Structure formats: C-alpha cells, structure tokens
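Note sheet for the following structure.
Protein chains: 2
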Amino acid sequence: MSDRRTALLTAAVQEIARTGTRGLRVEEVAKRANVSPALIYHHFGDRSTLLQSALEHVGDQADAYTSHNEGTGREVLLAVLVDEIQDDDAVRTNSTAWGELRDSSIFDVTLRPTIESLTARWVDDIAELIRTGQDDGSIDPSIMPHEMGMCLSAIVEGFSARWLTGILTTDQARNHLAAAVSLLVPATPGS
Amino acid sequence: MSDRRTALLTAAVQEIARTGTRGLRVEEVAKRANVSPALIYHHFGDRSTLLQSALEHVGDQADAYTSHNEGTGREVLLAVLVDEIQDDDAVRTNSTAWGELRDSSIFDVTLRPTIESLTARWVDDIAELIRTGQDDGSIDPSIMPHEMGMCLSAIVEGFSARWLTGILTTDQARNHLAAAVSLLVPATPGS
Numbered sequence: 001m002s003d004r005r006t007a008l009l010t011a012a013v014q015e016i017a018r019t020g021t022r023g024l025r026v027e028e029v030a031k032r033a034n035v036s037p038a039l040i041y042h043h044f045g046d047r048s049t050l051l052q053s054a055l056e057h058v059g060d061q062a063d064a065y066t067s068h069n070e071g072t073g074r075e076v077l078l079a080v081l082v083d084e085i086q087d088d089d090a091v092r093t094n095s096t097a098w099g100e101l102r103d104s105s106i107f108d109v110t111l112r113p114t115i116e117s118l119t120a121r122w123v124d125d126i127a128e129l130i131r132t133g134q135d136d137g138s139i140d141p142s143i144m145p146h147e148m149g150m151c152l153s154a155i156v157e158g159f160s161a162r163w164l165t166g167i168l169t170t171d172q173a174r175n176h177l178a179a180a181v182s183l184l185v186p187a188t189p190g191s
Numbered sequence: 192m193s194d195r196r197t198a199l200l201t202a203a204v205q206e207i208a209r210t211g212t213r214g215l216r217v218e219e220v221a222k223r224a225n226v227s228p229a230l231i232y233h234h235f236g237d238r239s240t241l242l243q244s245a246l247e248h249v250g251d252q253a254d255a256y257t258s259h260n261e262g263t264g265r266e267v268l269l270a271v272l273v274d275e276i277q278d279d280d281a282v283r284t285n286s287t288a289w290g291e292l293r294d295s296s297i298f299d300v301t302l303r304p305t306i307e308s309l310t311a312r313w314v315d316d317i318a319e320l321i322r323t324g325q326d327d328g329s330i331d332p333s334i335m336p337h338e339m340g341m342c343l344s345a346i347v348e349g350f351s352a353r354w355l356t357g358i359l360t361t362d363q364a365r366n367h368l369a370a371a372v373s374l375l376v377p378a379t380p381g382s
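Top to bottom, those sequences are chains P and E. Every letter in the first sequence is one number past the one before it in our numbering, and letter 152, counting from 1, is 152. Basically our numbering = 1-based index in the second sequence + 191.
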C-alpha cells in the first residue's frame, strides 16, 4: 500500500474515532490528512468505499499490534487477545473506530460484508492459534477451535467496549479479559 | 411512570435503534409518538436528558424481559443471561439502542454516568444470582461474584453485537453465549 493511501486511511480512522461513522465528513478527513477532498474521492471513489477501506485498515492495524510469536500456543493466544486492549492512543483509536464501524453496520448494510469477512478472518486466526496450542500440548485437545474462536473474539469486543467507555481501566480490562480466557482455555496439566 | 411518559420513551428508543443516537432528532421522536416536539421538551427538558431517560428505560426493559425465577441459582443465571438475546423485535430494538447509547458515551460524556450506573446495577444483579447459586449449592463457592458479573455482562455485550450485526443468528448467539457461560460458571458436581 502506498504511503499516501496509508496516510489517508489513518486520517479516516482518526476521524471515525473522533466523531463516529455517521458524523464522518470527507472534508474533515481531507483537512486532517492535509490534502484536498478531491484526492480522497480520487483514491476511494465514494464515502462508502472510504468507510470500507478504513475498516479493512483497522483490521490490518489490529493484526499488527497484537502480533506475538514467543511461547507455547496457549501463551501466544493469551498475549494476542489481551493486546487488543493497550494503553496506547493508536490502539484506542483503532478499537473505537472498529466498534463504530461494526455498530454502524447494523444501520448501513454496505458495511456488513467487510465486517463479516474481517470477523471471520479474526476467528480463523484465533482458531489457528488454538490448533497450534493443541499441537504443542498447551491447549486441551477437546476444545473446538472455531467455536472457541467465535467466543473469544466476542469476549474481546465486550471488554473492549467497557474499556473504551471508561467503565474499566486498561489494566482492569486486560486483567478481566485474561482471567476469562484462562478459564475458557485452561492450561493442560503439566504444560 | 405515566403511560404518556412511557410512550414517549418507547418512541425515543425506537428512533435511536433506527437512526442511532447522533442521528436522533426530537422532531422524529415526536412524530413517532404522535405528539408535538414541545411535549417532549416539556417532559424531558432537553435532548441530553431525553437520551439519558431513554437509556434508563432501555435498562428497565432489559430487566423485565430477562426475568426468571424457577430453578437453581445457576439455572436462573443462565436463563437470565441468554435471554438478553431473543428473536423478538422489542428485544432487538432495546439491544440496538443500548449498544448505540453505550458507544455514543465514548463521544458524549453526558451519557457516561448513566451507562456506568446501569452497568454497575447489571453487574450487581448477576453477582446476586451467583450468590444465590452458591447458597443453594449449584455454583462453585470459589467464584468471585462481582468479578464474574463484570465478565459475564461484558460477554453478553460481545455476543449481542455479533447478533445485531447479523454475523450470528439468534440461535447461534444464544448457543454460543450459553456455552461460554457454562464453561465460566461450571455446574458443581452433583448439582
């Protein structure tokens, strides 16, 4: 992806996190990115395509900041899930935009296919981590990877909302989330 | 609460579920309730107070349609939580409005105290059900009621979003939610 396009998407995500999807004005995104509105339309065609592209960008960003490699499958799984909540402005902005776009898809059906495919990708990624843990013996083989992936990703979204609304601090949200994941995906004896 | 006031709040909740909080126009609420906008201002003072009152109404409605009495503490807990998701237009409307108002509170700080106190009440209610289950022997006494209440209510919100966006059907969302709750609050042996 070109730097220019990335900068425009970053500006769009920041605007969505600031004003919400329905309040989003292409002119404000342009001002934030220090370009003309025409350039945004040139890159993204229309407002709807801009929103879908911003949503995909949000998904890619989350993939990047939750990346972990070290440890058993179960350790990586826990670290990846808990890192959806971080005391970091970029993470907070990204999560706010995700929640906004997801909930806007209740009203704006053009966003639904992208929400569905990103959620499916997220569930698949979690299922893959569970299978890795089952292969290395750190996760109980009776757990169904895909079902648990759906459950864990929904739980992350629930705690994320508590965090973004300020009902839980970052530490509280991370600790509650880690405790829930630990109960749902218990360590195998001796692992 | 007077019938008139209830009718106005029902109209407000329906409008929030249709257009979102930020798109809410008092004139549209008035039209839906077949009254004048002046009457809405007379009852609620301003738009902000109307939103807060609508939010409280959403909380009261959820209390009503999730009410259960029969069975062990654990059975009642499961039924109450799963009934946050029902194939019923009024429940869907109520949940959509709750998600909207909750997420608007990220941007609109005037909604935060009400979101916080309703969430705290919800967590307390779940904790009370857990204590009932611990007293009647159906729930493990080592579970911490308040912490688990925070966790379970967040999980309900996560699955509710999946359901409202159409990623999960009503049955899928209820089944996934029941499975997660069963794992987090396992039956005590012999109960």
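We treat Cβ as the ideally placed atom computed from N, Cα and C, and that holds for glycine. The model shown is predicted, which means the values in this text are computed figures rather than measured ones.
Checklist entry - For residue 323 of chain E, which residues of its own chain have a beta-carbon under 6 Å away from its beta-carbon, when the five flanking residues on both sides are left out? => result 264
Checklist entry - Between which two residues does the alpha helix (DSSP H) harbouring residue 68 of chain P extend? => result Looking at the DSSP string, residue 68 of chain P is not in any alpha helix (DSSP H), and its letter there is neither H nor E.
Next on the checklist: Below 7 Å on C-beta distance, what does residue 105 of chain P contact in chain E?
Outcome noted: 356
Checklist entry - Is there a Cβ from chain P that is less than 9 Å from the Cβ of residue 152 of chain E? => result What the structure shows of chain E is the stretch from 192 to 382, and residue 152 of chain E is not part of that stretch, so it cannot be assessed.
Next on the checklist: From the DSSP secondary-structure annotation, give me the bridge partner or partners of residue 187 of chain P.
Outcome noted: P:139
Item to check | Exposed unless 16 or more other CB atoms sit within 10 angstroms - verdict on residue 94 of chain P | outcome: buried
Item to check | Cα-Cα separation, residue 380 of chain E to residue 366 of chain E | outcome: 22 Å
Next on the checklist: Applying the 10 Å Cβ sphere with the 16-neighbour rule, what's the burial state of residue 145 of chain P?
Outcome noted: buried
Checklist entry - Are residue 212 of chain E and residue 343 of chain E touching if we call contact CB-CB under 9 Å? => result no
Checklist entry - Is the shortest distance between the beta-carbon of residue 153 of chain P and the beta-carbons of chain E less than 9 Å? => result yes
Item to check | Near-chain P residues of the region 228-257 of chain E - C-beta to any C-beta below 9 Å | outcome: none
Checklist entry - With burial defined as no fewer than 16 other Cβ atoms inside 10 Å of the residue's Cβ, what is the status of residue 364 of chain E: buried or exposed? => result buried
Checklist entry - What's the call for residue 158 of chain P, buried or exposed, on a 16-neighbour Cβ count within 10 Å? => result buried
Checklist entry - Can you find a C-beta in chain P that's less than 9 Å from the C-beta of residue 218 of chain E? => result no
Next on the checklist: Taking the straight line between their C-alpha atoms, what separation do you get for residue 24 of chain P and residue 12 of chain P?
Outcome noted: 8 Å
Item to check | Selected residue, minimal CA-CA separation from residue 49 of chain P, among P:166, P:130, P:111 | outcome: P:111
Checklist entry - alpha helix (DSSP H) containing residue 14 of chain P: first to last residue? => result 3-19
Item to check | Among E:373, E:276, E:201, E:249, the one whose alpha carbon lies nearest that of residue 310 of chain E | outcome: E:249
Next on the checklist: Please report whether the beta-carbon of residue 261 of chain E lies at a distance below 9 Å from any beta-carbon of chain P.
Outcome noted: no
Next on the checklist: For residue 383 of chain E and residue 183 of chain P, I'd like the C-alpha separation in whole angstroms.
Outcome noted: Outside the shown range of chain E, which is 192 to 382, sits residue 383 of chain E, and nothing can be said about it.
Next on the checklist: Residues of the region 106-119 of chain P in Cβ contact with chain E at a cutoff of 7 Å, in chain order, please.
Outcome noted: 106, 107, 112, 115, 116, 119
Checklist entry - Do residue 270 of chain E and residue 252 of chain E come within 9 Å of each other at the CB atom, strictly closer than that value? => result no
Checklist entry - Listing by chain order, which chain E residues have their CB less than 9 Å from the CB of residue 176 of chain P? => result 338, 341, 342, 345
Checklist entry - Of the choices P:109, P:171, P:108, P:187, whose alpha-carbon is the least far from that of residue 86 of chain P? => result P:171
Item to check | Same chain, Cβ closer than 8 Å to residue 121 of chain P, five either side skipped, listed in chain order | outcome: 59
Checklist entry - Where do the ends of the alpha helix (DSSP H) carrying residue 275 of chain E lie? => result Careful: residue 275 of chain E lies outside any alpha helix (DSSP H) and carries neither H nor E.
Next on the checklist: Let me make sure I understand the geometry here. Which of E:300, E:217, E:294 has the alpha-carbon closest to that of residue 233 of chain E?
Outcome noted: E:217
Next on the checklist: Can you tell me where the alpha helix (DSSP H) holding residue 357 of chain E begins and where it ends?
Outcome noted: Unbroken run through residue 357 of chain E: none, as it is neither H nor E.
Next on the checklist: Considering just the uninterrupted stretch of the alpha helix (DSSP H) at residue 223 of chain E, what are its terminal residues?
Outcome noted: 217-224
Checklist entry - Shorter than 9 Å from the beta carbon of residue 353 of chain E to some beta carbon of chain P? => result yes
Checklist entry - Can residue 246 of chain E and residue 347 of chain E be called in contact, C-beta distance under 9 Å? => result no
Item to check | Length of the line joining the Cα atoms of residue 353 of chain E and residue 186 of chain P | outcome: 25 Å
Next on the checklist: Taking the beta carbon of residue 165 of chain P as the centre, do at least 16 other beta carbons fall within 10 Å, making it buried, or is it exposed?
Outcome noted: buried
Checklist entry - Does residue 284 of chain E come within less than 9 Å of chain P when only Cβ atoms are used? => result no
Item to check | Whole-angstrom distance between residue 315 of chain E and residue 66 of chain P, CA atom to CA atom | outcome: 32 Å
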